Amino acid sequence: MKQFKIMGLIAITALFSHAGAMAAEAGSGGNWLSVGNRLRFEYDDNVYEKSSGKEDSFKLIEELELGVTLNFEPTFLTLRYRPSFSWWENREPDDTDLHHDFDVVLNHRASPRLSMGLKNTFRYAESPEEIDRGTVVRENGDYIYNVTDGNLDYQILPRTYMLVGGRYTVLRYDESTVAQTEDYDIWAAGLTLRQNITDLSRVMADYRRESISYDGDDRGSDSDYIGLGLEHVLGASFVGVLRGGYQMKDFNDATIEDAEEPYFDVTLTYIYSPRTRFSAGGGFSMFESDIYPFANQDRTIFFASVAHELTAKISLYLAGSYQLSEYDTDQRIANDLDLPSDFSGDEDIMQGSARVAYQVNARNSLEINYQYIDLQSDLREDFDRNRISIGWRLDI
Amino acid sequence: MKSRNGWIALVLFALVFSPLAARMQPAAMAQEEASADQDLMTEAELASMLVNVLGMATMVPPNAQPADVYAILLQNGISPKDGWNPTNLVTIGNLARIMVQCLGDTDKIENPESDKSWVDYLKSIGVEFGTIEDAIAQIDTKDDVVALKAVEVSTDPLRKAALIRPVDEQQLGADLQFFNRTLSREDVLEPVPPPAPPKPRPVTPNAPRR
Numbered sequence: 001m002k003q004f005k006i007m008g009l010i011a012i013t014a015l016f017s018h019a020g021a022m023a024a025e026a027g028s029g030g031n032w033l034s035v036g037n038r039l040r041f042e043y044d045d046n047v048y049e050k051s052s053g054k055e056d057s058f059k060l061i062e063e064l065e066l067g068v069t070l071n072f073e074p075t076f077l078t079l080r081y082r083p084s085f086s087w088w089e090n091r092e093p094d095d096t097d098l099h100h101d102f103d104v105v106l107n108h109r110a111s112p113r114l115s116m117g118l119k120n121t122f123r124y125a126e127s128p129e130e131i132d133r134g135t136v137v138r139e140n141g142d143y144i145y146n147v148t149d150g151n152l153d154y155q156i157l158p159r160t161y162m163l164v165g166g167r168y169t170v171l172r173y174d175e176s177t178v179a180q181t182e183d184y185d186i187w188a189a190g191l192t193l194r195q196n197i198t199d200l201s202r203v204m205a206d207y208r209r210e211s212i213s214y215d216g217d218d219r220g221s222d223s224d225y226i227g228l229g230l231e232h233v234l235g236a237s238f239v240g241v242l243r244g245g246y247q248m249k250d251f252n253d254a255t256i257e258d259a260e261e262p263y264f265d266v267t268l269t270y271i272y273s274p275r276t277r278f279s280a281g282g283g284f285s286m287f288e289s290d291i292y293p294f295a296n297q298d299r300t301i302f303f304a305s306v307a308h309e310l311t312a313k314i315s316l317y318l319a320g321s322y323q324l325s326e327y328d329t330d331q332r333i334a335n336d337l338d339l340p341s342d343f344s345g346d347e348d349i350m351q352g353s354a355r356v357a358y359q360v361n362a363r364n365s366l367e368i369n370y371q372y373i374d375l376q377s378d379l380r381e382d383f384d385r386n387r388i389s390i391g392w393r394l395d396i
Numbered sequence: 001m002k003s004r005n006g007w008i009a010l011v012l013f014a015l016v017f018s019p020l021a022a023r024m025q026p027a028a029m030a031q032e033e034a035s036a037d038q039d040l041m042t043e044a045e046l047a048s049m050l051v052n053v054l055g056m057a058t059m060v061p062p063n064a065q066p067a068d069v070y071a072i073l074l075q076n077g078i079s080p081k082d083g084w085n086p087t088n089l090v091t092i093g094n095l096a097r098i099m100v101q102c103l104g105d106t107d108k109i110e111n112p113e114s115d116k117s118w119v120d121y122l123k124s125i126g127v128e129f130g131t132i133e134d135a136i137a138q139i140d141t142k143d144d145v146v147a148l149k150a151v152e153v154s155t156d157p158l159r160k161a162a163l164i165r166p167v168d169e170q171q172l173g174a175d176l177q178f179f180n181r182t183l184s185r186e187d188v189l190e191p192v193p194p195p196a197p198p199k200p201r202p203v204t205p206n207a208p209r210r
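Next comes the structure, spelled out in structure tokens:
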């Protein structure tokens, strides 16, 4: 199996490299195609995400990225395919992963008043069963994930716009024992009315309907969201978005009471100078649950990131996030597990990341990356994990 | 259910008949109508086209709002002289400025405050255009895009982040893997055993005392 993966990757590499070279030779006619390659050598200090008895490993990560951008104004098509291959020096029983990402974006401007868009996001990821010293510490988690988004934006009055959108999400695990409780389908649809109140500010009113269903034990729900939002753009230095409202969630499991809670999110982008750019945000809402047998979590997230050009060739990127997930014992579905009656609790997840990139020339750059994650949980094993890598990026 | 429908109706009514809506400026309205009816382009339309042409379309959230488009353009140093104003019509000076920014040659402009400097620079490198569409057709995709939004915090079901993200997804800023490990029924049934407590030190009852 491993040989097939490696041969497949080599074939894809050769194909993309050839296509990239052809595009480069074609001069301006080849601008529609971009090919990138990112190779990293990484050290991971906690492969199995354990609190004690950590196993470390070196890792080789190869990522290709093929981008196609076609301008048939007023129609635009963007494709992105990114396979990535990882080899672990010390991971049992499978020391390789091969992931595939494929994105398609189709935007069309039918008239100055009407535009429409279609976006599809496909992921296939391998997350093999993990065995540490003869014990299965995690089930096979290979999955296929696909999201299809469609929207229509129409200017109904000189300063009033209407956006109608729909989304279908599907998640399928390979391993049947995981799939029976984790596979889901999510349908969402909504309407936004957007009103320009000044040249730089817009107010929005939203209505959303979301339906989540699981294949097996039904942790699904139907939700209605109603809310208001505010967008503000200030010159060439600031963009801010604030949204908030009320979410009403009806659970499919009859033993769980309906829930009603407010939600909000805020995102800010601030350009301090042409060389220093900030982004930050936060949000709170009821959300799908990561943990069986819970049907819901209250999720709070904050993040901040900064990009700073130290010199013309050296850039520094920093990012950090904090997530609080709260699981309530009253929002567990009926199940036959022998769990304590008060089985519930919180999870705190902190992440940090840094990257320094040195642009050697127009096509080549070198980078040093560091990533940190810390999980504190009332429901599963705590862990922290550090990863540091050096890499080479090539853009054709 | 009745109260829910009432809320929805109230929000829609408030938006359409809001006093804020009454603040519409006649001049701006006329400008927007002109752009819609004639072959003119607003900065909002230009920004939307640029995101597509520069290859950033996969990096903005689905069902993107205007703020998402302006944010990613600003993060990549692409902006009209006074920032993005969706109702402004695109001028030659701002179009030249944006084309130079897309080329990555901003630091080569001698007098950035003067529109003429940007236009002259394009002429000096042999870039000429007759219409906005003609100019856009000459813009290449951008390889080194910065997308700072490390975590998608939106609560909107039409655009919120995937519950699952692949390992090591690049954020085009600093990598930040969104934590996504699920705890399935099988994992709950077979929890990882807690670490064993330290064993007591061996005792030898008949050890001779010193």
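Note that the protein sequences, when read in sequence, are chains L and E. Each residue of the first sequence is one higher than the one before, starting from 1 at the first, in our numbering. Each residue of the second sequence is one higher than the one before, starting from 1 at the first, in our numbering. Glycine included, every Cβ here is placed at the ideal spot set by N, Cα and C. Computed from a predicted model, the values in this text were never measured in an experiment.
Distance between E:D107 and E:G83, taken at the CA atoms: about 18 Å.
At the C-beta level, L:G320 and L:A304 come within 7 Å of one another. In this structure, L:L66 sits near L:Y81, with a CB-CB distance shorter than 7 Å. Exclusion of the five residues before and after E:D68 leaves V60 and P61 as the residues of its chain whose Cβ lies within less than 7 Å of its Cβ. Against L:T276, chain E offers no close residue; the least beta-carbon distance is about 11 Å (beta-carbon pairs closer than 7 Å). Interface criterion met: the Cβ of L:E210 is under 7 Å from a Cβ in chain E. Between L:N196 and L:R159, the beta carbon gap of about 4 Å places them in contact (Cβ cut-off 8 Å). Within the region 156 to 241 of chain L, the complete beta strand (DSSP E) segments of 3 residues or longer fall at 160 to 173, 184 to 196, 201 to 214 and 221 to 234, listed in chain order. Short of 8 Å from the beta carbon of E:S117, and not among the five residues preceding or following it, lie these beta carbons of its own chain, in chain order: I109, E110 and N111. With a threshold of 7 Å between beta carbons, E:D105 makes no contact with chain L. For E:A71, the uninterrupted alpha helix (DSSP H) segment begins and ends at P66 to Q75.
Rounded to whole angstroms, L:R393 and E:N52 show a C-alpha spacing of 23 Å. Within chain E, no C-beta atom comes less than 7 Å from the C-beta of L:D174; the nearest is roughly 13 Å away. With distances taken between CA atoms, L:E367 lies nearest to L:E42 out of L:V35, L:E42, L:W32 and L:N31.
Annotated three-state conformation of E:V119 is helix, per DSSP.
For L:N107, the closest Cβ of chain E is nearer than 7 Å.
When L:S285, L:F294 and L:T148 are compared, the shortest CA-CA separation from L:L337 is found for L:F294.
With its beta carbon at least 7 Å from every one in chain L, E:Q101 lies outside the interface.
The beta carbons of L:Q351 and L:I333 sit no closer together than 7 Å.
Each residue's CA atom was taken as its position, placing E:D143 and L:T329 some 48 Å apart. Per DSSP, L:V104 is one residue of the beta strand (DSSP E) stretching across T96 to S111.
Secondary structure at L:A125: strand, using DSSP grouped into helix, strand and coil. In this structure, L:N369 and L:R355 form a Cβ contact; the two beta carbons are roughly 5 Å apart against a cut-off of 8 Å. Within a 10 Å sphere around the beta-carbon of E:A64 sit 16 or more other beta-carbons, which makes this residue buried. Sorting L:R277, L:R209 and L:L200 by C-alpha distance to the C-alpha of L:V241 places L:L200 at the top.
The region 41 to 58 of chain E and the region 143 to 151 of chain L do not touch, with fewer than three beta-carbon pairs separated by less than 8 Å. Residue-level contact check: E:D143 touches chain L, since one or more beta carbons of chain L fall below 7 Å from its beta carbon.
When DSSP states are grouped into helix, strand and coil, E:T106 belongs to the helix group.
Contact of E:W84 with chain L is assigned, a C-beta pair being separated by under 7 Å.
CA-to-CA, the gap between L:I186 and L:F72 works out to about 32 Å. In the structure shown, E:I78 falls within a coil segment according to DSSP collapsed to helix, strand and coil.
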